[in-house]
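Q:
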């Protein structure tokens, strides 16, 4: 498959990285089945904690960066966030970037086939200007990283449950 890269310049995000976390999980499913859930924004609320109402934004131009909106709930407050697809290489890689204050981050989902199984690496980078992450890290240090790591691990567990419930899906829908 070919990869599709979109040039995103985001001065807000590209400040010093405040936090970078990665978790991995081997799933007992083929890579195409896992990517059918990872690459479909309509399924994100089924495995990404506190994310809801995904919807595509009109691109206008053919070369425009594909972007979608959604709601993210944190501490009882909902934020409208914009997520741009920075890199798409089905069925092995999806990189999303949000520049929406106070939730600026970059999320990378890397999938590697291991026979009929798939190794999934889920990485989250939050910039130093991410107010929520910055305060959380400064106040709670390693406790904050542990809490975010558990959240990412829980999201991968939810993703695996979703893939199990869908059976042997091999078609990727970016709808």
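Residue numbers (my numbering): 150 to 324. We put the beta carbon where it would ideally sit given N, CA and C, even for glycine.
Tell me the start and end of each unbroken beta strand (DSSP E) in the segment 223-260 that is at least 3 residues and wholly inside, in chain order.
A: 226-238, 242-247
Q: Nearest-angstrom Cα distance between residue 305 and residue 211?
A: Against the chain shown, residue 305 aligns to sequence position 156. Against the chain shown, residue 211 aligns to sequence position 62. Distance between the alpha carbons of residue 305 and residue 211 is about 33 angstroms.
Q: To the nearest whole angstrom, what separates the beta carbons of residue 170 and residue 297, a pair I think is in contact under 8 angstroms?
A: The residue given as residue 170 occupies position 21 in the chain shown. The residue given as residue 297 occupies position 148 in the chain shown. Contact flag correct, Cβ pair sits at about 6 angstroms.
Q: Please classify residue 171: does DSSP put it in a helix, a strand, or coil?
A: The sequence position of residue 171 within the chain shown is 22, counting from 1. Residue 171 falls in the strand class under three-state DSSP.
Q: Return helix, strand or coil for residue 213, following the three-state DSSP convention.
A: Taking the chain shown and counting its residues from 1, one reaches residue 213 at position 64. Residue 213 falls in the coil class under three-state DSSP.
Q: Once you ignore the five residues that flank residue 195 on each side, which residues in its own chain have a CB closer than 8 angstroms to its CB?
A: Taking the first residue of the chain shown as 1, we reach residue 195 at position 46. Closer than 8 angstroms at the Cβ level, and outside the excluded window around residue 195, lie 186, 307, 311.
Q: Is it buried or exposed for residue 197, if we count other Cβ within 10 angstroms and need 16 for buried?
A: Within the chain shown, residue 197 is the residue found at index 48, counting from 1. By the neighbour-count rule (16 or more Cβ atoms within 10 Å), residue 197 is buried.
Q: Going by other Cβ atoms of all chains shown within 10 Å of its Cβ, with 16 needed for buried, is residue 227 buried or exposed?
A: For this step, residue 227 is matched to residue 78 along the chain shown. Exposed, by the Cβ-count rule.
Q: If you follow the alpha helix (DSSP H) that residue 177 is part of, which residue opens it and which one closes it?
A: Taking the chain shown and counting its residues from 1, the one referred to as residue 177 is at position 28. Looking at the DSSP string, residue 177 is not in any alpha helix (DSSP H), and its letter there is neither H nor E.
Q: Just the C-alpha distance for residue 213 and residue 237, rounded to the nearest angstrom, thanks.
A: Against the chain shown, residue 213 aligns to sequence position 64. Against the chain shown, residue 237 aligns to sequence position 88. Near 14 angstroms, if we compare the C-alpha coordinates of residue 237 and residue 213.
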